[in-house]
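> My structure is below; once you've seen it, I'll send some questions.
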Amino acid sequence: MSEPTGPVAYCRRWNFKKNKPIDPMTAEQAAARDRTGELYSVTLSDTAEDIIPEAVIERENGHARVWFFDEVGRQSLSYSFRPHGDRLFLHNITSWEYPDDEARGLSSSIKIDNFEYQETGVVSRTTTDKAAGERLLDERTDVDVTHHWEPAPTFGDWGSISRWSRVTPVS
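Going by my numbering, the sequence shown opens with residue -3, and the numbers climb by one from there.
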């Protein structure tokens, strides 16, 4: 998966089921929503011809959630950031695996890996393996989370939070 480098578009929300924007808007309209903390989405693509964006960022009240897609357009990875002053903290990483290329929607995933990070270095991991009928929980302490901090992006500066390649979660 590459890092998005092409066109940026804005909308009120991204429809993940239909892979299309809901209520497209101009950058000026999205910037106004950003200033007031209202929800909006940003789509980042490699080319203008991309049907499915490389990433979708959801922004609201300083929070950010970044979604990435697999080769057939399903949600496969998300990063969630919460605000702390002029920085964001990456507090959640979730990935989804699917049984085949036909399965659609998060509910059709067969494996979900969810990592919850705290600023104090505590990490909780929940792995749900639907095929095996298992749910595994694990918690670690004293994990170095210094790389989980990002500068809060100014409107339009999405490069830092939209990086797909990040550190490997604690396993």
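Ideal Cβ positions, reconstructed from N, Cα and C, are used throughout, including at glycine. Everything numeric in this text was worked out from a predicted model, so none of it was measured.
#1: Leaving out the 5 sequence neighbours to the left and right, which residues in its chain are closer than 6 Å to D19 when beta-carbon positions are compared?
#2: If you count every other CB in all the chains shown that lies within 10 Å of the CB of S103, and 16 or more means buried, which is it?
#3: Going straight from the alpha carbon of A60 to that of W10, what length do you get?
#4: Do you know offhand how far D138's Cα is from I106's?
#5: Just list the residues that DSSP pairs P3 with in beta bridges.
#6: When the Cα atoms are used, what is the spatial distance from I108 to T142?
#7: Can you check which of these residues, L132, E135, Y113 and A5, is closest to W145 by C-alpha distance?
#8: Over what stretch of residues does the beta strand (DSSP E) that includes E24 continue unbroken?
#9: Pull up the CB-CB distance for R29 and R70, whole angstroms please, since I reckon it's below 8 Å.
Looking at the atomic coordinates:
#1: C7 and R8
#2: exposed
#3: 14 Å
#4: 31 Å
#5: Paired residue(s): none; P3 is not in a bridge.
#6: 25 Å
#7: Y113
#8: First-last for E24: A23 to T32, but that is the alpha helix (DSSP H), not the beta strand (DSSP E).
#9: Not confirmed; about 27 Å, so no contact.
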